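Chemist: This is the structure I have questions about; it appears just below.
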Amino acid sequence: MRLILIRHAESVANAQGRWQGHADFPLSDYGRQQAARLAQAMHGASLQAPVIYSSPLQRARATADAIAGALGVAVTEWDALKEFDVGAFSGRTLEEVRAEKADWIRGFEKTRDWHQVPGAETPADRAKRALGVIEHLLNVHPDGSEVICVTHGGIMQFFLAAILETERVWGVHPGNTAVFEFKLHREEDATGRAHLNPYLCRIERFNDVSHLNP
Numbered sequence: 047m048r049l050i051l052i053r054h055a056e057s058v059a060n061a062q063g064r065w066q067g068h069a070d071f072p073l074s075d076y077g078r079q080q081a082a083r084l085a086q087a088m089h090g091a092s093l094q095a096p097v098i099y100s101s102p103l104q105r106a107r108a109t110a111d112a113i114a115g116a117l118g119v120a121v122t123e124w125d126a127l128k129e130f131d132v133g134a135f136s137g138r139t140l141e142e143v144r145a146e147k148a149d150w151i152r153g154f155e156k157t158r159d160w161h162q163v164p165g166a167e168t169p170a171d172r173a174k175r176a177l178g179v180i181e182h183l184l185n186v187h188p189d190g191s192e193v194i195c196v197t198h199g200g201i202m203q204f205f206l207a208a209i210l211e212t213e214r215v216w217g218v219h220p221g222n223t224a225v226f227e228f229k230l231h232r233e234e235d236a237t238g239r240a241h242l243n244p245y246l247c248r249i250e251r252f253n254d255v256s257h258l259n260p
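Residues 47 to 260 (our numbering) are what the sequence shown spells out, left to right.
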């Protein structure tokens with residue numbers, strides 16, 4: 047399977063330095079330009095008839111719609127691709143949260159431990175959700191399939207961990223419209239257990255935003 051994970055284009059909240067999570071902001075003017083450049087690049091990426099999934103949040107859906115329009119295919123919304131819930135940060139800047147002088151924000155800035163953030167989706171829940179997405183894609187789409195998922199920067203790190211089969215979630219800062227492309231080949235071992243073949247899987251692109259500066 048050719049799996050392409052894409053972060054959405056710049057949103058109004060991105061431009062303002064706001065945390066988003068499940069807060070639903072549209073693309074900025076520059077974000078729409080980014081989405082158009084991404085769509086043009088995807089049109090030239092030798093894709094035949096890919097399946098496109100998108101987070102239902104409008105910043106992701108608008109990005110997916112631009113790609114779908116360029117490729118002449120439909121978009122399927124999938125809640126599991128949504129950004130993780132950032133709880134008390136939702137829709138606010140870090141400065142706005144700091145102004146409350148709450149104990150939890152001081153602890154969070156020191157450790158980045160999301161368990162301290164009221165209402166936030168836990169890292170364990172994010173990891174479980176991400177693993178479920180990758181397993182579903184591998185089970186539903188056979189080898190030779192082309193799948194595009196338009197999602198978000200925070201949860202992207204958990205999708206990467208699920209694909210690379212690592213328990214550690216590495217800090218990655220995906221750029222807006224960043225492309226992560228993988229070739230995944232799943233097969234059964236002698237016991238009948240399915241797994242990714244390490245000799246046939248490939249990382250083709252990682253955090254690629256070169257289409258923004260063609």
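Note that CB positions come from ideal geometry on N, CA and C, so glycine has one too.
Computed from a predicted structure; not experimentally measured.
Going by DSSP in three states, residue 256 sits in which element: helix, strand or coil?
Modeler: Here the question's residue 256 lines up with position 210 in the sequence shown. Of the three classes helix, strand and coil, the one that applies to residue 256 here is helix, per DSSP.
Chemist: Could you please give the first and the last residue of the uninterrupted alpha helix (DSSP H) stretch that includes residue 240?
Modeler: Sequence index remark: in the sequence shown, residue 240 carries index 194 (1-based). First-last for residue 240: 240 to 242, but that is the beta strand (DSSP E), not the alpha helix (DSSP H).
Chemist: Given a threshold of 16 other Cβ atoms within 10 Å of its Cβ, counted over all protein chains shown, does residue 243 qualify as buried or as exposed?
Modeler: Residue mapping note: residue 243 aligns to position 197 of the sequence shown, counting from 1. It counts as exposed.
Chemist: Any heavy atom of the ligand NAP closer than 7 Å to the beta-carbon of residue 166?
Modeler: The ligand NAP is not part of this structure, which contains no ligands at all.
Chemist: Are the beta-carbon atoms of residue 197 and residue 84 separated by less than 8 Å?
Modeler: One-based indexing of the sequence shown puts residue 197 at position 151. One-based indexing of the sequence shown puts residue 84 at position 38. It is not a contact, given that the beta carbons lie outside the stated cut-off.
Chemist: What's the C-alpha gap between residue 162 and residue 118?
Modeler: As a working note, residue 162 is residue 116 in the sequence shown. As a working note, residue 118 is residue 72 in the sequence shown. Going from the Cα of residue 162 to the Cα of residue 118 covers about 44 Å.
Chemist: Please list the terminal residues of the continuous beta strand (DSSP E) segment that includes residue 174.
Modeler: Mapped onto the sequence shown, residue 174 falls at position 128. From DSSP, residue 174 is part of no beta strand (DSSP E) but of the alpha helix (DSSP H) over 169 to 186.
Chemist: Are the beta-carbon atoms of residue 135 and residue 200 separated by less than 8 Å?
Modeler: Taking the sequence shown and counting its residues from 1, the one referred to as residue 135 is at position 89. Taking the sequence shown and counting its residues from 1, the one referred to as residue 200 is at position 154. No, Cβ-Cβ distance for residue 135 and residue 200 is not below 8 Å.
Chemist: With a cut-off of 8 Å, do at least 3 Cβ pairs link the stretch 63 to 74 to the stretch 102 to 118?
Modeler: yes
Chemist: Answer yes or no: do residue 225 and residue 251 have a C-beta to C-beta separation smaller than 8 Å?
Modeler: Looking up residue 225 in the sequence shown gives position 179. Looking up residue 251 in the sequence shown gives position 205. Yes, the Cβ-Cβ distance between residue 225 and residue 251 is below 8 Å.
Chemist: Is residue 179 closer than 8 Å to residue 126 when the C-beta atoms are compared?
Modeler: For this step, residue 126 is matched to residue 80 along the sequence shown. For this step, residue 179 is matched to residue 133 along the sequence shown. Contact: yes.
Chemist: Leaving out five residues before and five after residue 78 in sequence, what residues of the same chain have Cβ atoms less than 6 Å from its Cβ?
Modeler: Position 32 of the sequence shown holds residue 78. There are no such residues.
Chemist: Can you find the residues in the same chain that come closer than 8 Å, C-beta to C-beta, to residue 138, ignoring five residues on each side of it along the sequence?
Modeler: As a working note, residue 138 is residue 92 in the sequence shown. So the qualifying residues of the chain are 64 and 65.
Chemist: What would DSSP say about residue 228, mapped onto helix, strand or coil?
Modeler: Position 182 of the sequence shown, counted from the first residue, corresponds to residue 228. Residue state, collapsed to three classes: strand.
Chemist: Within the stretch 64 to 106, note down every full beta strand (DSSP E) run reaching 3 residues or more, in order along the chain.
Modeler: 97 to 100
Chemist: If you run the structure through DSSP and keep just helix, strand and coil, what is residue 139?
Modeler: Position 93 of the sequence shown, counted from the first residue, corresponds to residue 139. Strand at residue 139.
Chemist: Decide if residue 156 is buried, meaning its Cβ has at least 16 other Cβ atoms within 10 Å, or exposed.
Modeler: Start at 1 with the first residue of the sequence shown, and residue 156 comes out as number 110. Exposed.
Chemist: Since residue 55 and residue 109 are thought to touch, with beta carbons under 8 Å apart, how far apart are those beta carbons, to the nearest angstrom?
Modeler: Within the sequence shown, residue 55 is the residue found at index 9, counting from 1. Within the sequence shown, residue 109 is the residue found at index 63, counting from 1. Residue 55 to residue 109, Cβ: 5 Å. Contact.
Chemist: Between the alpha carbons of residue 73 and residue 58, how many angstroms are there, rounded?
Modeler: Translated into positions along the sequence shown, residue 73 becomes position 27. Translated into positions along the sequence shown, residue 58 becomes position 12. Going by the C-alpha atoms only, they are around 6 Å apart.
Chemist: Count the other CB atoms, across all protein chains shown, that sit within 10 Å of the CB of residue 174; report buried if there are 16 or more and exposed otherwise.
Modeler: The residue given as residue 174 occupies position 128 in the sequence shown. The residue in question, residue 174, is exposed, as its Cβ has fewer than 16 Cβ neighbours within 10 Å.
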